[in-house]
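J.:
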């Protein structure tokens, strides 16, 4: 199954250094450790979760027993098509890893436009990541993937992630709906205008547009604090839920391009630290490693065969 | 409780003619019929559902027995803050009415900027409709309200609306997530540019922008057909679900301003007819009456004290 990755995305064999580094301590025969290609096991693009995995995050209390759904061989692991520079990919990645759901990591490099390949189109007509493939069942949209994982792995996922309680669940759903056209839309826009617009278009975006985008982001952050977080430990209550993961990955996108989101927002910074603690700082940092070093991204995009495609989209989005 | 509506929105007493007309046959003492203000019962702004209600829609088979959750007096009815010219308000309205969940209709007239009043701000800091108030529990975001209603009224709501089945539920969640930044964003944009932009800004939008917006809408409609509807009767399967309601209300928005969405799309037109049949044509038309006569909307907005606020928002959105 791993070979499929190389067939679809042949230039990715030498990437994902952080995952390479992480897998060193993992035994090659682990049933959740996927077979490697032709490099003696050093250049894996696969990842996994599982209660026994050393990669699971520091707060092991978040993971329970291994679900019966995942007790088969590695051939039963679901596949996640991801690029960790994408926020929704990170929320799915962090959740699966934090609770210990095994998966095969299929890299779709957005900076190379691999979402536009014929091969990826066969997997998803929407041409966006993340995509989950669980047996023959293909699912898009990060929030629906997260809820699918909660429902499928009930024995593994503690209630606080997506509470059964009527009002608590409604609060998680409310956040997951609200964020699309607010924190997600506004954080993404600032990221795209700062990190990618100059590379793709060849000039800086007008100052007025940048200021308006930052103002929208500030408005979303204000609502995040005042409506959702309030004086609680996490967005929905005293324990972490899907809402916190979906929120933090969006916030880290503008942070990655130098926006000082947490400056002057001590309540938000303290919440971020609690999210880190809850899933484990090591896992948190692993998930955000690539978005925190976006300096190389410009060069990757410039040399992409899809540069024209990007420029068309940017003109439409921002003109 | 009904007085609250008049206190918050005093100029709405004489509105909602279609609801006034509908309530005539309803006895004033019905426990779900709310007390009227000072007009002898003719000018209600309240509405309701319930298996015994004549307003329930033609396909009564969609409603079951009255849920134990709703068996109290009228003081226990939840409140829905709505403007039926808003798509998400319509999905909540149509669902509650189709399955027979009692509620009190609280009108928030968006064309008058009533979402910006201090009173409405006390109900929801987000300043958007719909808002649900169930006892002391206030919930925003239409899709979370819909799921709350499904979970609370399990005995009343048949499984097909939001199936318990893992994959079927995932498909509904996938659609409800996808639509935010696709059909909803694109349909709304065409509606705003066609119906409101000229009134608010004083000039027509540039042809190029309108064409780009229509192209985006067409792309969303193509995905709606090819990815979601396919050759099924409804978006998720052979029966109606929340996804169909959330989709149809978005499509009817550009239809209301003269965009020929169904022309050349017989599969989509047949699906719309099945949605109408499933909830009842009378209810469908009632929910869409106001958006199908947007000709008067311009005048309402022009005379609104919030015209400046609208202009600021439009400049930001579309410049």
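Chains as they are written, first to last, in UniProt numbering: chain P, 1 to 319; chain Z, 1 to 319. Ideal Cβ placement from N, Cα and C applies to all residues, glycine included.
#1: Would you please verify whether the beta carbon of residue 244 of chain P is less than 9 Å from any beta carbon of chain Z?
#2: So that I know if they touch, is there some Cβ in chain P lying closer than 9 Å to that of residue 321 of chain Z?
#3: So within the UniProt domain "GST N-terminal" (76–157) of chain Z, which uninterrupted alpha helix (DSSP H) runs reach at least 4 residues, ignoring any that extend past its ends?
#4: Could you give the DSSP three-state label for residue 259 of chain P: helix, strand or coil?
#5: Would you list, in chain order, the members of the region 127–157 of chain Z that have their beta-carbon closer than 7 Å to a beta-carbon of chain P?
#6: Alpha carbons only, please: which of P:307, P:290 and P:116 is nearest the one belonging to residue 128 of chain P?
#7: Measure the Cβ-Cβ separation of residue 142 of chain Z and residue 246 of chain Z and say whether it is below 9 Å.
#8: According to DSSP, is residue 187 of chain P part of a helix, a strand, or is it coil?
#9: Can the beta-carbon of residue 314 of chain P be found less than 9 Å from the beta-carbon of residue 196 of chain P?
#10: Using a Cβ-Cβ cut-off of less than 9 Å, give me the residues of the region 213–227 of chain Z that come near chain P, in sequence order.
#11: According to the Cβ coordinates, are residue 126 of chain Z and residue 178 of chain P closer than 9 Å?
#12: What separation, rounded to the nearest whole angstrom, lies between the Cα atoms of residue 303 of chain Z and residue 309 of chain Z?
#13: Taking 6 Å as the limit between beta carbons, can you name the residues of its chain near residue 301 of chain P, skipping five residues before and five after?
#14: Which chain P residues are close to residue 125 of chain Z, counting only those with a beta carbon under 8 Å from its beta carbon?
#15: Is it the case that the Cβ atoms of residue 271 of chain P and residue 234 of chain P are separated by a distance below 9 Å?
#16: Under 6 Å Cβ to Cβ from residue 91 of chain P, same chain only, skipping five residues before and after it: list those, please.
#17: Just tell me which of P:86, P:145 and P:114 has its CA closest to the CA of residue 101 of chain P.
#18: Using a Cβ-Cβ cut-off of 9 Å, state whether residue 207 of chain P counts as contacting chain Z.
#19: Quick test of the definition: if touching needs 3 or more C-beta pairs under 8 Å, does the region 207–226 of chain Z touch the region 158–171 of chain Z?
#20: Contact criterion: CB-CB distance below 9 Å. Does residue 306 of chain P meet it with respect to chain Z?
#21: Per DSSP, what kind of secondary structure is residue 162 of chain Z in: helix, strand or coil?
#22: So which residues on chain P does residue 177 of chain Z lean against when the C-beta distance must stay under 7 Å?
#23: At 9 Å on the CB atoms, spell out the chain P contacts of residue 160 of chain Z, in chain order.
#24: Any C-beta of chain P sitting closer than 9 Å to the C-beta of residue 195 of chain Z?
#25: Shortest alpha-carbon distance to residue 106 of chain Z belongs to which of Z:132, Z:88, Z:236 and Z:154?
#26: Grouping DSSP H, G and I as helix and E and B as strand, with all else coil, what is residue 205 of chain P?
#27: Start and end of the alpha helix (DSSP H) containing residue 275 of chain P?
#28: Residue 212 of chain Z and residue 316 of chain P look like a contact to me (Cβ under 8 Å); what is the Cβ gap, rounded to whole Å?
#29: Just the Cα atoms here: how many angstroms apart are residue 184 of chain P and residue 97 of chain Z?
#30: Under the three-state reduction of DSSP, which class applies to residue 182 of chain Z: helix, strand or coil?
#31: Please report how far the alpha carbon of residue 108 of chain P lies from the alpha carbon of residue 84 of chain P, in whole angstroms.
#32: Is there a Cβ of chain Z sitting closer than 9 Å to that of residue 318 of chain P, yes or no?
#33: Report the three-state DSSP secondary structure of residue 252 of chain Z (helix, strand or coil).
#34: Residue 180 of chain Z and residue 160 of chain P - do their beta-carbons sit closer together than 9 Å?
#35: CB-CB under 7 Å to residue 176 of chain Z, same chain, minus the five flanking residues each way: which ones, in chain order?
#36: I'd like to check one pair, residue 292 of chain Z with residue 256 of chain Z: are the Cβ atoms closer than 9 Å?
T.: In this structure, then:
#1: no
#2: This structure leaves residue 321 of chain Z out entirely; chain Z is present only between 1 and 319.
#3: 87–99, 118–123 and 142–152
#4: coil
#5: 137, 139, 140, 141, 143, 144, 147, 148, 151 and 152
#6: P:116
#7: yes
#8: helix
#9: yes
#10: 215, 216, 223, 226 and 227
#11: yes
#12: 13 Å
#13: 111 and 199
#14: 223, 226 and 227
#15: yes
#16: 142, 245, 246 and 249
#17: P:145
#18: no
#19: no
#20: no
#21: coil
#22: 141, 143 and 144
#23: Neighbours of residue 160 of chain Z on chain P: none; closest Cβ ~17 Å, over 9 Å.
#24: no
#25: Z:132
#26: coil
#27: 266–279
#28: 6 Å
#29: 32 Å
#30: coil
#31: 9 Å
#32: no
#33: helix
#34: no
#35: 143, 242, 243 and 246
#36: yes
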